[in-house]
Amino acid sequence: MSPGASPAVLSRRLGLRDAVVIGLASMIGAGAFVSLGAAQDLAGSLAPAAVLVAAVVALCNATSTAQLAAQHPAAGGTFHYGRERLGPWWGFLAGWCFVIGKTASCAAMALVVAAYLVPEPFQRPVAALLVVVLTAVNLVGITRTAVLARVLVTVALAALVLTGVRLLAGIVAGGPTGGAGDGAGAGTWEVPGPLSGQAAGLWDGGIAAVAGAGEGGALGIVLAVAQAAALMFFAFAGYARVATLGEEVVAPRRTIPRAILLALAAVGALYLVLSVILVLVGPAPGEQGWGPAPFRAALDAVGAGGVWAVVVTIGAVAAASGALLALVAGISRTVLAMARERDLPPVLAHVSPRFSVPQRAEAAAGIAVVLLVLLASDVLVAIAASSFGVLLYYAVANLAALTQTGQWRLFPKAMQWIGLAGCVLLVAALPGRTIVAGLVLVALGLAYRGLVLAVRR
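If you count the sequence shown from 1, position 277 lands on 277 in the numbering used here, and the numbers rise without skipping.
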């Protein structure tokens, strides 16, 4: 390092409470306000089962992440773990998949906020502006990120609890409306399967469609639930944000595992309750399914408008903003770690001596998200793309955790094998076009690293 250069070292400033809050903020926005509706569109009355499947896979992955983070508490998450336990190529694959998946997640969250706040012509500019503002917050320090995340997650949780109570009151008082007005009600069986109408383009193809999902076949139903679980996994993935901030957590061996498991348990219980409530309300109102605002549509279905629409809108904006805030921080730490190893341009490895954050990596992540916000076609497409990248990322994490021994083996190997199998199966259940596009992006990343290595030689 040249004289006068700032050391690329981050400060340990996050305690257990801040770490749990960042994990909660990373998960709640997606699950409550986007993924739950999409999961019910795919799995029908079996949506709670899809939530449970996603939760089990996430729990197994969480044990791998917690175990690895305790032994290797450095920025970068599974990029760092993969390099340490499996080799540089595995680490690069994990880091690249994380950047792909979480950039798509950020775009989805920004678009959700804009969809609640403004009409269609202004949604993309507003979403891009939100990304710029939250990236600026991240640029001035991780403790400020944690403080804002705490405020946002508190607002989101309050809105979700109030909305859930109002929906239950509406169901008890008047019964579910059946959504589209077809007389269906609670307990009505809906055959899981791909969406119809204009939304069918997202779900057509893939193993579920080939196996006849939506036609009553047992295998098709199982695969449709698996596809719904893959989308729900997108909502759970925020627990690992704590691991990507591992270099900034106090007492990482104790704090990281506890924070990950506490955040995951709380959000898993919340998602399951909300999914059951959404099923009790009835089928989605129309061919397009629940859409990007399922609980606003559910409130309308039980006759709760006006102030309740404002409550759920405030909650959605706070939750999605909190998730976006933490996601940008997580992406930048992985970019920092990859740049340190020269898998990305080394200029991105700089850490601000004043704020102790990787400002160049933060800015690069923000620019990438803004571009995707302006170019992405649909929120659900972004969610599916995110699931592809994140599931592959955790597959590498499970492989890395399987190599740990001795005092660092905190959980049974069986949990890592279940997590690995779950990641592979959920990726295979995604829509065909998502799998193809994701594989192309992965191949481009691997080709880039191969080219860089060839130039060095």
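We put the CB at the ideal spot given by N, CA and C, even for glycine.
Model, not experiment: these values are computed from the prediction.
**Q.** alpha helix (DSSP H) runs wholly inside the segment 102–151, at least 4 long, in chain order
**A.** The qualifying runs are 123–139.
Q. Cβ atoms of A226 and L426: under 8 Å apart, would you say?
A. If you number the sequence shown from 1, residue 426 lands on position 426. If you number the sequence shown from 1, residue 226 lands on position 226. Yes, they are a contact pair.
Q. Applying the criterion that 16 or more other CB atoms from any shown protein chain within 10 Å of the CB defines a buried residue, is V311 buried or exposed?
A. Numbered from its first residue, the sequence shown carries residue 311 at position 311. Classification of V311: buried, given that the 10 Å Cβ count is 16 or more.
**Q.** Helix, strand or coil at L344 [DSSP, three-state]
**A.** One-based indexing of the sequence shown puts residue 344 at position 344. Here L344 sits in coil by DSSP.
Q: Report back the beta-carbon spacing between G23 and A263 to the nearest angstrom; my notes put them in contact at under 8 Å.
A: Counting from 1 along the sequence shown, the entry for residue 23 is found at position 23. Counting from 1 along the sequence shown, the entry for residue 263 is found at position 263. About 3 Å; that satisfies the 8 Å criterion.
**Q.** Coil, strand or helix - V249 by DSSP
**A.** The sequence position of residue 249 within the sequence shown is 249, counting from 1. V249: strand per DSSP, three-state reduction.
**Q.** Rounded C-alpha distance that separates A269 from F236
**A.** Taking the first residue of the sequence shown as 1, we reach residue 269 at position 269. Taking the first residue of the sequence shown as 1, we reach residue 236 at position 236. Each residue's alpha carbon lies about 11 Å from the other.
(Q) Applying the 10 Å Cβ sphere with the 16-neighbour rule, what's the burial state of P48? (A) Taking the sequence shown and counting its residues from 1, one reaches residue 48 at position 48. By the C-beta density criterion, P48 is buried, having at least 16 other C-beta atoms within 10 angstroms.
**Q.** DSSP state of L86 mapped onto helix, strand, coil
**A.** Counting from 1 along the sequence shown, the entry for residue 86 is found at position 86. Residue state, collapsed to three classes: coil.
(Q) Classify A401: buried if its beta carbon has 16 or more other beta carbons within 10 angstroms, exposed otherwise. (A) Working through the sequence shown from its first residue, we reach residue 401 at position 401. Buried: at least 16 other Cβ atoms inside 10 Å.
Q | Enclosing alpha helix (DSSP H) for T405 [first to last residue] | A | The sequence position of residue 405 within the sequence shown is 405, counting from 1. According to the DSSP assignment, T405 belongs to no alpha helix (DSSP H), since it is labelled neither H nor E.
Q) In the DSSP assignment, what are the bridge partners of L14? A) The residue labelled residue 14 in the question sits at position 14 within the sequence shown. BP columns for L14 point to V249.
Q: Following the continuous alpha helix (DSSP H) through D300, name the residue where it begins and the one where it ends.
A: Here the question's residue 300 lines up with position 300 in the sequence shown. Run containing D300: 294–301, per the alpha helix (DSSP H) assignment.
(Q) Which same chain residues end up closer than 6 Å to T313 when comparing Cβ atoms and leaving out the 5 residues on each side of it in sequence? (A) Position 313 of the sequence shown, counted from the first residue, corresponds to residue 313. Excluding positions up to five away in sequence, the list reads Y116.
Q: Using three-state DSSP, classify R449 as helix, strand or coil.
A: Mapped onto the sequence shown, residue 449 falls at position 449. For R449, the three-state secondary structure derived from DSSP is helix.
Q | Assumed close pair P346, A339 - CB separation to whole angstroms, cut-off 8 Å | A | Within the sequence shown, the letter at position 346 stands for residue 346. Within the sequence shown, the letter at position 339 stands for residue 339. A339 and P346 do touch by the CB rule: their CB atoms are close to 6 Å apart, below 8 Å.
Q. Looking only at C-alpha atoms, which of Q67, P119, V222, W90 sits nearest to A43?
A. The residue given as residue 43 occupies position 43 in the sequence shown. Checked all of Q67, P119, V222, W90; the closest Cα to A43 is V222.
(Q) Looking at V390: is its Cβ nearer than 8 Å to the Cβ of G91? (A) For the purposes of this step, residue 390 is taken as the residue at position 390 of the sequence shown. For the purposes of this step, residue 91 is taken as the residue at position 91 of the sequence shown. With contacts defined by Cβ atoms closer than 8 Å, V390 and G91 do not form a contacting pair.
Q | Backbone secondary structure at L430 - three-state DSSP | A | If you number the sequence shown from 1, residue 430 lands on position 430. The answer is coil: DSSP assigns L430 none of H, G, I, E or B.
Q: Find out if the Cβ-Cβ distance for the pair A69, P252 is shorter than 8 Å.
A: Mapped onto the sequence shown, residue 69 falls at position 69. Mapped onto the sequence shown, residue 252 falls at position 252. Result yes, Cβ atoms of A69 and P252 sit closer than 8 Å.
Q: Could you tell me whether the Cβ atoms of V458 and L272 are closer together than 8 Å?
A: In the structure displayed, the chain extends from 1 to 457; residue 458 sits before or after that span and is not available.
Q | Option nearest A293 by Cα separation, candidates A108, R342, V328, A55 | A | Here residue 293 refers to the residue found at position 293 of the sequence shown. Ranking A108, R342, V328, A55 by Cα distance to A293 puts A108 first.
**Q.** Rounded separation between T163 and F295 - CA only
**A.** Translated into positions along the sequence shown, residue 163 becomes position 163. Translated into positions along the sequence shown, residue 295 becomes position 295. Taking the straight line joining both Cα atoms gives about 8 Å.
(Q) Restricting to Cα atoms, I'd like to know which of L157, D300, R124, P119 is closest to A110. (A) By one-based count along the sequence shown, residue 110 stands at place 110. The shortest C-alpha separation from A110 is found at R124.
Q) Does the segment 364–384 come within contact of the segment 128–141, defined as at least 3 CB pairs closer than 8 Å? A) Below 8 Å, enough C-beta pairs join the segment 364–384 and the segment 128–141 to call them touching: three or more.
**Q.** Y239 to L59 span [Cα, whole Å]
**A.** Within the sequence shown, numbered from 1, the residue matching residue 239 stands at position 239. Within the sequence shown, numbered from 1, the residue matching residue 59 stands at position 59. Y239 and L59: Cα-Cα distance of roughly 10 Å.
Q | Own chain residues within Cβ distance below 6 Å of S352, not counting five before or after | A | The count along the sequence shown starts at 1 and reaches residue 352 at position 352. Take S352, set aside five residues on each side of it, and the residues of its chain with a beta-carbon closer than 6 Å to its own are Q359, in chain order.
Q | For D41 and A284, believed in contact at Cβ under 8 Å, the rounded distance | A | Here residue 284 refers to the residue found at position 284 when the sequence shown is read from its first residue. Here residue 41 refers to the residue found at position 41 when the sequence shown is read from its first residue. That belief holds up - the Cβ atoms of A284 and D41 are roughly 6 Å apart, short of 8 Å.
Q.
In the DSSP assignment, the alpha helix (DSSP H) including V53 goes from what residue to what residue?
A. The residue labelled residue 53 in the question sits at position 53 within the sequence shown. Looking at the DSSP string, the run of the alpha helix (DSSP H) that includes V53 is 47–71.
Q: Over the uninterrupted alpha helix (DSSP H) stretch that includes V396, give me the two end residues.
A: Residue 396 sits at position 396 when you count from the first residue of the sequence shown. Per DSSP, V396 belongs to the alpha helix (DSSP H) from 379–401.
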